[in-house]
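J.: Here the UniProt record's numbering is used: position 194 in the sequence shown is 194, and no number is missing along the way. A virtual CB, placed ideally from N, CA and C, is assigned to each residue, including glycine. Just so you know, these numbers come straight off a predicted model, no measurement behind them.
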Amino acid sequence: MENSELFWNASIDQLKKGYSEDAHCYTCLLCGEKIEKGIIYPQNDVLYEAEKYMQMHIKETHQSVFAYLIGLNKKMTGLTEHQNNLLRLFYAGMTDAEVQQELEIGSTSTIRHHRFALKEKERQAKTFLVMMELLKEKDMNAPTFVPVHKTATMVDDRYNITNKEQDEVLNKLFPEGTNGPLLRFPKKEKQKLIILREITNRFDSESTYTEKEINSILMPIHDDYAMIRRYLIEYGFLDRKADGSAYWIKK
């Protein structure tokens with residue numbers, strides 16, 4: 001299961017911790033890092049068991065689960081920029097007066113009103129979540145949608161893709177299998193996303209690549225490898241240094 005699927009399929013409790021657990025390891029839901037059970041991990045002259053080491057990984061790599069989530073695209077969180085700023089300051093432990101001074105808006109009563117509005121949003125979200133969970137038990141006709149990758153730069157109807165649609169596009173445009181060449185690069189946005197998502201599987205999520213190495217992986221797929229490289233970055237699958245000296249899978 002890909003990391004995006006792990007993230008979106010995780011329970012609330014798992015997301016709060018930032019990691020899931022199976023019989024063999026702990027998996028970071030934020031980046032996919034796996035910590036194997038039954039091993040003692042050394043860090044700064046201290047030995048840690050696997051779960052504690054995963055907690056350290058989240059703190060050192062992502063600051064906190066809250067910091068990671070608040071940094072997601074607003075299409076993922078449903079928060080306005082203003083709500084995002086408020087939550088950051090509340091999480092930092094600021095009082096209403098301090099928040100009011102920081103944002104230079106209204107008065108302390110204005111901030112209390114925003115707290116109330118956010119609490120109302122929480123109640124609505126809980127109600128909606130329960131309804132959707134109950135719906136899953138009854139709606140046998142609902143299609144299975146491909147999870148949106150968390151680093152998507154813009155989430156809109158292009159991401160309305162079912163697993164069936166994805167399989168049909170991949171079979172059509174990769175006639176020799178998904179490890180073979182691309183028949184043609186599609187013009188339709190949904191098909192672009194499906195193809196780009198599949199192409200990212202040819203990269204190691206833990207590796208850093210030069211532009212030459214990226215090109216060598218893309219060349220067998222399509223003649224216009226530079227276009228595909230550009231789209232991978234544009235759609236949030238790849239990231240790179242400003243000078244183009246290093247590329248990596250965006251997490």
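(1) Consult DSSP for Leu72 and reduce its assignment to one of helix, strand or coil.
(2) Could you tell me the boundaries of the alpha helix (DSSP H) in which Thr27 lies?
(3) Here's the rule I'm using: 16 or more other beta-carbon atoms within 10 Å means buried, otherwise exposed. How should Gln43 be labelled?
(4) Assuming Leu238 is part of the beta strand (DSSP E), what are its boundary residues?
(5) Which same chain residues end up closer than 6 Å to Met226 when comparing Cβ atoms and leaving out the 5 residues on each side of it in sequence?
(6) Which value, in whole angstroms, describes the spacing of the CA atoms of Asp223 and Pro181?
(7) Which residue's Cα is closest to the Cα of Lys187: Gly244, Val169, Ser109, Glu120?
(8) Taking Cβ positions only, does Thr95 come closer than 8 Å to chain C?
(9) Roughly how many angstroms separate the alpha carbons of Met1 and Lys126, rounded to a whole number?
(10) Taking all protein chains shown into account, decide if Tyr91 is buried (16 or more other Cβ within 10 angstroms of its Cβ) or exposed.
(11) So Leu47 is in the beta strand (DSSP E); what residue range does that whole segment cover?
(12) If contact is defined by three or more beta carbon pairs under 8 Å, each pair taking one atom from either stretch, is the segment 195-202 in contact with the segment 162-179?
(13) Between Ile194 and the rest of its own chain, which residues show a CB-CB distance below 6 Å, the 5 nearest in sequence each way excluded?
(14) Would Lys190 and Ile161 be called neighbours here (beta carbons separated by less than 8 Å)?
(15) Would you kindly work out how many angstroms separate the C-alpha atoms of Leu135 and Glu36, rounded to a whole number?
(16) To the nearest angstrom, how far is the alpha carbon of Val146 from that of Met94?
(17) Return the bridge partner residues of Trp248 from the DSSP annotation.
(18) Which one or two residues does DSSP pair with Ser20 in a beta bridge?
(19) Could you pull out every residue in the same chain whose Cβ sits closer than 7 Å to the Cβ of Asp96, ignoring the five residues on either side in sequence?
(20) Distance check for Ser20 and Glu5, CA to CA, integer angstroms please.
(21) Thinking C-alpha only, which one of Phe116, Thr27, Asn84 is nearest Gln103?
(22) Identify, in the order they occur along the chain, each residue of the same chain with its Cβ nearer than 6 Å to the Cβ of Phe185, setting aside the five sequence neighbours on each side.
(23) In the DSSP assignment, what are the bridge partners of Phe145?
(24) Under the DSSP definition of a beta bridge, which residues are partnered with Tyr41?
(25) Are the CB atoms of Val99 and Leu79 within a distance shorter than 8 Å?
(26) Which residues in the same chain as Lys34 place their Cβ atom closer than 8 Å to its Cβ, once the five residues preceding and following it in sequence are excluded?
(27) Applying the criterion that 16 or more other CB atoms from any shown protein chain within 10 Å of the CB defines a buried residue, is Leu30 buried or exposed?
T.: According to the structure shown:
(1) What you label residue 72 is simply residue 72 of the sequence shown in a count that begins at 1. If DSSP states are grouped into helix, strand and coil, Leu72 belongs with coil.
(2) As a working note, residue 27 is residue 27 in the sequence shown. Unbroken run through Thr27 is the beta strand (DSSP E), 25-28; no alpha helix (DSSP H).
(3) Position 43 of the sequence shown, counted from the first residue, corresponds to residue 43. Gln43 should be labelled exposed.
(4) Against the sequence shown, residue 238 aligns to sequence position 238. Element bounds for Leu238: 238-240.
(5) The residue labelled residue 226 in the question sits at position 226 within the sequence shown. Checking the sequence, you will find Ala at residue 226 rather than Met. Within the same chain, Ala226 has no close Cβ partners at all.
(6) Here residue 223 refers to the residue found at position 223 of the sequence shown. Here residue 181 refers to the residue found at position 181 of the sequence shown. Roughly 10 Å between the two C-alpha positions.
(7) Translated into the one-based positions of the sequence shown, residue 187 becomes position 187. When each option's Cα is compared against that of Lys187, the closest is Val169.
(8) Considering every chain present, this structure includes no chain C. It has just one protein chain.
(9) One-based indexing of the sequence shown puts residue 1 at position 1. One-based indexing of the sequence shown puts residue 126 at position 126. Summary for Met1: the model assigns pLDDT 46, below 50, so the residue's position carries little reliability, and this model does not support an answer.
(10) Taking the first residue of the sequence shown as position 1, residue 91 is located at position 91. Its Cβ having fewer than 16 others within 10 Å, Tyr91 is exposed.
(11) On the sequence shown, residue 47 is found 47 positions in, with the first residue counted as 1. Leu47 -> beta strand (DSSP E) spans 46-48.
(12) yes
(13) Working through the sequence shown from its first residue, we reach residue 194 at position 194. Hits under 6 Å: Gln166, Val169.
(14) Translated into positions along the sequence shown, residue 190 becomes position 190. Translated into positions along the sequence shown, residue 161 becomes position 161. Their beta carbons are under 8 Å apart, which means Lys190 touches Ile161 by this criterion.
(15) The count along the sequence shown starts at 1 and reaches residue 135 at position 135. The count along the sequence shown starts at 1 and reaches residue 36 at position 36. When rounded, the distance between both Cα atoms is 36 Å.
(16) The residue given as residue 146 occupies position 146 in the sequence shown. The residue given as residue 94 occupies position 94 in the sequence shown. Taking the straight line from one Cα to the other gives about 39 Å.
(17) The count along the sequence shown starts at 1 and reaches residue 248 at position 248. Thr208, Asp239, per the DSSP bridge assignment.
(18) As a working mapping, residue 20 is identified with position 20 in the sequence shown. Bridge partners of Ser20: Thr27.
(19) Within the sequence shown, the letter at position 96 stands for residue 96. These residues qualify, in order along the chain: Thr108, Ile111, Arg112.
(20) The count along the sequence shown starts at 1 and reaches residue 5 at position 5. The count along the sequence shown starts at 1 and reaches residue 20 at position 20. Distance between the alpha carbons of Glu5 and Ser20: 12 Å.
(21) Taking the first residue of the sequence shown as 1, we reach residue 103 at position 103. First, the amino acid is wrong: residue 103 is Leu here, not Gln. It is Asn84.
(22) In the sequence shown, the residue the question calls residue 185 occupies position 185. Taken in chain order, the residues that qualify are His222.
(23) Start at 1 with the first residue of the sequence shown, and residue 145 comes out as number 145. Phe145 is bridged to Thr162.
(24) Reading the sequence shown from its first residue, position 41 is the one you call residue 41. Looking at the DSSP assignment, Tyr41 forms a beta bridge with Tyr48.
(25) By 1-based counting over the sequence shown, the position of residue 79 is 79. By 1-based counting over the sequence shown, the position of residue 99 is 99. No.
(26) Walking along the sequence shown from the start, residue 34 turns up at place 34. Only Cys25, Tyr26, Thr27, Cys28 meet the Cβ criterion.
(27) Residue numbering aside, residue 30 sits at position 30 when the sequence shown is read from its first letter. Buried, since its Cβ has 16 or more Cβ neighbours within 10 Å.
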